[in-house]
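Comments concern the structure below.
Residue numbers (our numbering): 53 to 284.
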């Protein structure tokens with residue numbers, strides 16, 4: 053199966069899952085596990101050293117009830133988006149993995165082998181992005197689209213593998229979801245959305261706004277490149 057076909061298939065799954073809707077990436081990260089611990093199990097979502105749970109711990113806490121199974125909790129909370137088979141994971145907290153990665157789920161410190169395992173209040177749920185092949189450590193780059201209050205359905209993230217000499221421009225062009233202008237600096241469309249005259253796409257790396265010259269900035273493992281829809 054060609055890499056190009058896998059990439060298109062992956063993007064198709066992203067569109068389907070983002071339209072389905074679930075929690076937004078990165079919001080209300082602080083205090084999330086404290087809220088979860090009050091009524092349900094603690095929750096972590098990891099990609100390398102990046103904690104990406106956002107407010108999904110609160111969602112799990114609100115959906116938790118004694119005797120609930122892991123699969124029931126993940127589905128009823130909306131934290132995990134599953135494929136049609138009901139078990140394959142498409143996204144966690146609207147975060148999608150590159151085709152060469154998988155999600156590993158631990159319950160109470162043990163990798164799960166049974167989706168129907170009951171979840172107790174004291175157990176921690178940890179979902180971690182891992183390379184699909186081999187035991188090498190994951191060196192992720194995170195690409196986030198933030199549709200803001202104007203287009204919240206666009207908000208989602210991708211976890212991609214770091215490659216040497218990868219630049220902001222290179223990541224945008226290879227992502228398959230971004231169209232650049234002829235100057236190869238200005239973002240025109242993201243996920244097929246073109247901003248209104250009152251809107252614009254802005255780029256940030258690790259929460260720092262990029263100037264036009266920053267498009268050639270080299271990225272490092274763990275970096276987060278954010279494309280935000282903002283009002284002019």
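Heads up, the beta-carbon is just placed ideally off N, CA and C, and yes, glycines get one too.
Using only the alpha-carbon positions, how far apart do residue i and residue j sit?
i           : j           : result
residue 166 : residue 121 : 10 Å
residue 95  : residue 221 : 34 Å
residue 196 : residue 281 : 11 Å
residue 127 : residue 145 : 12 Å
residue 263 : residue 251 : 17 Å
residue 97  : residue 111 : 13 Å
residue 125 : residue 235 : 47 Å
Helix, strand or coil for residue i? Go by DSSP, reduced to three states.
i           : result
residue 268 : helix
residue 111 : helix
residue 146 : coil
residue 183 : strand
residue 274 : coil
Near residue i, which residues of its chain fall below 7 Å by C-beta distance, leaving aside the five closest residues on each side in sequence?
i           : result
residue 140 : 134
residue 159 : 122, 169, 171, 175 and 177
For residue i, collect the residues of the same chain with a Cβ closer than 8 Å to its Cβ; drop the 5 residues on either side in sequence, then sort them by chain order.
i           : result
residue 260 : none
residue 265 : none
residue 273 : 100, 191, 192, 193 and 214
residue 114 : 91, 92 and 129
How should residue i be labelled, buried or exposed, when 16 other C-beta atoms within 10 angstroms of its C-beta is the threshold for buried?
i           : result
residue 99  : buried
residue 248 : exposed
residue 198 : buried
residue 152 : exposed
Give me the Cβ distance between residue i and residue j, rounded to the nearest whole Å; I'm assuming they're in contact under 8 Å.
i           : j           : result
residue 229 : residue 214 : Rounded, the Cβ-Cβ distance is 18 Å, inconsistent with contact.
Determine, for residue i, whether the minimum Cβ-Cβ distance to residues of chain E falls below 8 Å.
i           : result
residue 182 : Annotation note: the requested chain E is absent from the structure, which comprises a single protein chain.
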